[in-house]
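Sequential numbering of the sequence shown, starting at 93, is according to this note's numbering. Note that beta-carbon positions come from the ideal geometry of N, C-alpha and C, so glycine has one too. Here is the structure we will look at.
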Amino acid sequence: MSLFSATGLVKSFHSLRATDNVDISVNANEVHALIGPNGAGKSTLVNLISGLLPVDAGLITLDGQDITRLKAHERVHAGLSRCFQVTNLFKEISVIDNLRLAIQAHEGNNFKVFGVRNHEAALNEKARALGAKVGIEGESVLNSMAGSLPHGAQRQLDIALALAANPKVLLLDEPMAGMGPDESARVVELIKGLRQHMAILLIEHDMEAVFQLADRISVLVYGKVITSGTVDQIRNDPKVQEVYLGSETVAHG
Ligand SMILES: Nc1ncnc2c1ncn2[C@@H]1O[C@H](COP(=O)(O)OP(=O)(O)O)[C@@H](O)[C@H]1O
Ligand SMILES: [Mg+2]
Numbered sequence: 093m094s095l096f097s098a099t100g101l102v103k104s105f106h107s108l109r110a111t112d113n114v115d116i117s118v119n120a121n122e123v124h125a126l127i128g129p130n131g132a133g134k135s136t137l138v139n140l141i142s143g144l145l146p147v148d149a150g151l152i153t154l155d156g157q158d159i160t161r162l163k164a165h166e167r168v169h170a171g172l173s174r175c176f177q178v179t180n181l182f183k184e185i186s187v188i189d190n191l192r193l194a195i196q197a198h199e200g201n202n203f204k205v206f207g208v209r210n211h212e213a214a215l216n217e218k219a220r221a222l223g224a225k226v227g228i229e230g231e232s233v234l235n236s237m238a239g240s241l242p243h244g245a246q247r248q249l250d251i252a253l254a255l256a257a258n259p260k261v262l263l264l265d266e267p268m269a270g271m272g273p274d275e276s277a278r279v280v281e282l283i284k285g286l287r288q289h290m291a292i293l294l295i296e297h298d299m300e301a302v303f304q305l306a307d308r309i310s311v312l313v314y315g316k317v318i319t320s321g322t323v324d325q326i327r328n329d330p331k332v333q334e335v336y337l338g339s340e341t342v343a344h345g
């Protein structure tokens, strides 16, 4: 059984079926990429999975638990974290404070067993370790205002905030959006490291990144998964070539 699975997901907006009976699963240590042209229903699917939108029909399970009706924060608690297409950071406070807040949000009371001074030291240490996991380190970076970091570093910090919850499954919604080639390459390496510890569902329009990372790719068109397979299978699938004919990469939106 897959660590994460969604089966028979349906979501309509008035007469439009944005999600039309979608099945998608992710195994431990697997990167399953979801691609599809603009308007295919990628963001809707992410919102259904993360709990920001209620499903019309279908079942979502995480590690054997039915999470279909859980609220977004309850899913995070159950082990499903999401990074947003638009970053989720507090831009007006420092990087280290963003990290500290994320840890406190998930560990809250655990820290209270320490004395006040130990609490501070333990929290700082955890915050630094969390930043280091995504390559955010060094005093000057940690003490800068989050909003002043380059775009790529803000996305890395955003991933760190999602990791604070110790997810079993990480949902990445276009993590390379708006990045230059160097920044994208760094995030590709970061995701390769993360997959040692968790399952990853990657929604991404950067095909080069998807081909480097994915164990499996599913292609969404008009709300339906039209095909799933390995990188080679998807590259050579005539149905996929037809969908992308004339467009260089998958559009994002
Ligand atoms: N809240 C909404 N109300 C009405 N239609 C929506 C809503 N969200 C998305 N849609 C429609 O659902 C379809 C899929 O959109 P979306 O999930 O954003 O696709 P993608 O992320 O793949 O570009 C589009 O036709 C879009 O216009
Ligand atoms: Mg979208």
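- For the pair of segments examined, the stretch 288-295 was found not to touch the stretch 183-195: the number of CB pairs separated by less than 8 Å stays below three.
- In this structure, ligand 1 has no non-hydrogen atom nearer than 7 Å to the beta-carbon of Ala254.
- Listed in chain order, the beta strand (DSSP E) elements of length 3 or more contained wholly in the stretch 225-275 are 261-265.
- Of the heavy atoms belonging to ligand 2, none sits nearer than 7 Å to the Cβ of Lys103.
- By the 16-neighbour rule on beta-carbons within 10 angstroms, Gln157 is exposed.
- Ala306 sits in coil when the DSSP states are folded into three classes, being neither helix nor strand.
- Distance between Tyr314 and Pro146, taken at the CA atoms: about 19 Å.
- Per the Cβ contact rule, the stretch 253-260 is not in contact with the stretch 227-235 (fewer than 3 Cβ pairs under 8 Å).
- The count of Cβ pairs closer than 8 Å, one atom from the stretch 212-219 and one from the stretch 139-153, stays below three, leaving the stretches out of contact.
- At least one heavy atom of ligand 1 is found less than 7 Å from the C-beta of Asn130.
- The alpha-carbon separation between Ile116 and Thr99 amounts to approximately 7 Å.
- A contact is defined here as three or more CB-CB pairs under 8 Å, and the stretch 238-251 fails this definition with respect to the stretch 159-171.
- Apart from sequence neighbours up to five positions away, the residues of its chain that approach Lys316 with a beta-carbon distance below 8 Å are Asp112, Asn113, Val114, ordered along the chain.
- The alpha-carbon separation between Lys134 and Ile127 amounts to approximately 8 Å.
- Sorting Ile326, Ala291, Ser320 by C-alpha distance to the C-alpha of Asn119 places Ala291 at the top.
- Assigned with DSSP and collapsed to three states, Val335 falls in helix.
- At the C-beta level, Ala254 and Val280 stay beyond 8 Å of one another.
- When the beta-carbon positions are compared, Val123 and Ile283 come within less than 8 Å of each other.
- By the criterion of a C-beta distance shorter than 7 Å, Ala245 is surrounded in its chain by Ile228, once the five residues flanking it on both sides are discounted.
- Ser320 sits away from Leu263, with the two beta carbons spaced by 8 Å or more.
- Between ligand 1 and the CB of Ala98, the shortest heavy atom gap is not smaller than 7 Å.
- Excluding five sequence positions before and after Lys183, the CB atoms of its chain that fall closer than 6 Å to its own CB belong to Ala238, Gly239, given in chain order.
- Taking 8 Å as the cut-off, the Cβ atoms of Ala132 and Ile309 do not count as close.
- In the same chain as Met271, and ignoring 5 residues on each side of it, the C-beta atoms closer than 6 Å to its own belong to Gly244, in chain order.
- For Ser97, the pairing in a beta bridge is given by DSSP as Ser117, Thr153.
- Of the residues assessed, Leu312 falls on the buried side of the cut-off, its CB having 16 or more other CB atoms within 10 angstroms.
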